[in-house]
Structure formats: C-alpha cells, structure tokens
Amino acid sequence: MAAVQSQRSNVLALYRAFIRTSNQFQNYNFKAYFLRKTRADFRASGEMTPELYQKALQDLQVLKRQATVSQMYHSDPIVLEKL
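If you're matching positions, the sequence shown starts at 23 in the working numbering and goes up one per residue.
See below:
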C-alpha cells in the first residue's frame, strides 16, 4: 500500500514539474501547446510503468532545456499575452 502511495506521489510530482516547466515558455503558443500535451499525455497514460516513468523524466529534461532556450531568445508578446 505504501509503495503505491509513493509511486502516486512521484507521478504527481512529475506532472507538476511538467506544468511548471511548460509555464516557463515565453511564447504563448509554445506554453499552451506544452500544457495541453502534458495534460493529454498524463490522462492517456493511465498506469505509470517504471519504463514510462523513466521516459517521462527524460522528456522533462528536454522540456527544461527548451524552456531555457525559449527564455534566451525572447520575442515581443502577442495580443493574447497582454490580457
């Protein structure tokens, strides 16, 4: 029972990390895309296997790098971002 709760908390922490990292994108379109993709991927995955968890950790690292690059090359905000 404790192992299931621990796995659930790890998956929830991973989901939150994806959401936080997605919100770091400067461009509205990229931010909205990665938020949508994160929600859809976690809903579709159902049961998180260890292999799927490791793949998600790798994907999170890639997303973090892309968010950093996005912050380095900032562009002017679009109309939707000014609201």
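Ideal Cβ positions, reconstructed from N, Cα and C, are used throughout, including at glycine.
Minimum length 4: unbroken alpha helix (DSSP H) runs contained in the segment 23 to 63: Within the segment 23 to 63, the runs of alpha helix (DSSP H) at least 4 residues long that lie entirely inside it are, in chain order, 24 to 44.
Return the chain-ordered list of same chain residues with a C-beta closer than 8 Å to the C-beta of L82, the five sequence neighbours on each side being excluded. Walking along the sequence shown from the start, residue 82 turns up at place 60. Excluding positions up to five away in sequence, the list reads L36, A39, F40, T43.
Classify L79: buried if its beta carbon has 16 or more other beta carbons within 10 angstroms, exposed otherwise. Mapped onto the sequence shown, residue 79 falls at position 57. Flag for L79 reads exposed.
Flag this pair as touching only if the segment 46 to 57 and the segment 82 to 101 have three or more C-beta atom pairs under 8 Å; answer yes or no. yes
S67 and L74: beta carbons closer than 9 Å? Counted from its first residue, the sequence shown places residue 67 at position 45. Counted from its first residue, the sequence shown places residue 74 at position 52. It is a contact, given that the beta carbons lie within the stated cut-off.
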